[in-house]
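Going by my numbering, the first residue of the sequence shown is number 31, and it counts up by one from there.
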Amino acid sequence: HDLLREADLTAVIICLPNHIHSEAAIASFENGKHVYLEKPIAINLTQSGEVIRAWKESDLAGMMRFNLRFNPLYTSLKGHIEAGAVGDVVCVRTVFTSSGRSLPEWKKSRSTGGGALLDLASHHVDLVRYLLGNEVTQISARIRSHTTEDDIAILEYKTSDDIAVESYFSISSAD
């Protein structure tokens, strides 16, 4: 909070534990700072709405970090999809897993923003939206706890162009 009161500081990069993202982002906007926020925006819909409200009221730049959008592999794929080089996309399947490495305590509990949905799935849901250029309109999830809380997630969703997507996520398996 003291840092945010520095007059010569114009922007912040927020890469803190998930459960304090919303508090840090709101405080930054309220103190007149542009914000680059590590995903997820918050750990629930209410907090997300509060961040968006603070951003809109601030008239400052705000961006949430989804680094896969900037990966040359995915920017190339987006170009191929847009050019029609891959044909009609009728379904998508994604997998994003990481090993059961030693995790900080906050990543082991859903209440502090841990679990496969916020840690991994958020990247792929955003990536599908980015690659296909349309929104998710329907989604269902099955979540399982294997070694930590909610460390496995299986999602099925559809986009506004009726493209079916299946995704598997785990923070307790192999990379």
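C-beta atoms are modelled at their ideal positions from N, C-alpha and C, and glycine is treated no differently.
In this text, all values refer to a predicted model and were calculated from it rather than measured experimentally.
Where do the N-terminal and C-terminal ends of the alpha helix (DSSP H) with residue i fall, by residue?
i    : result
F59  : H51 to E60
R95  : Unbroken run through R95 is the beta strand (DSSP E), G92 to R95; no alpha helix (DSSP H).
L67  : Unbroken run through L67 is the beta strand (DSSP E), H64 to E68; no alpha helix (DSSP H).
H110 : P102 to E112
So, using beta-carbon positions, are residue i and residue j closer together than 8 Å?
i    : j    : result
K137 : D149 : yes
H51  : E68  : yes
S197 : A151 : yes
N74  : L34  : no
I182 : A171 : no
What is the DSSP secondary structure of residue i, counted as helix, strand or coil?
i    : result
G145 : coil
T127 : strand
E179 : coil
V42  : strand
V120 : coil
A151 : helix
S200 : strand
I82  : helix
DSSP has residue i in a bridge; who is on the other side?
i    : result
H166 : First, the amino acid is wrong: residue 166 is Val here, not His. Bridge partners of V166: T189.
V158 : In DSSP, V158 forms no bridge with anything.
R140 : Answer is none; R140 lacks a bridge partner.
Evaluate the contact criterion for the region 73-87 versus the region 98-106: three or more CB pairs, one atom per stretch, below 8 Å.
-> no
Are the region 117-126 and the region 169-182 touching, with three or more C-beta to C-beta distances below 8 Å?
-> no
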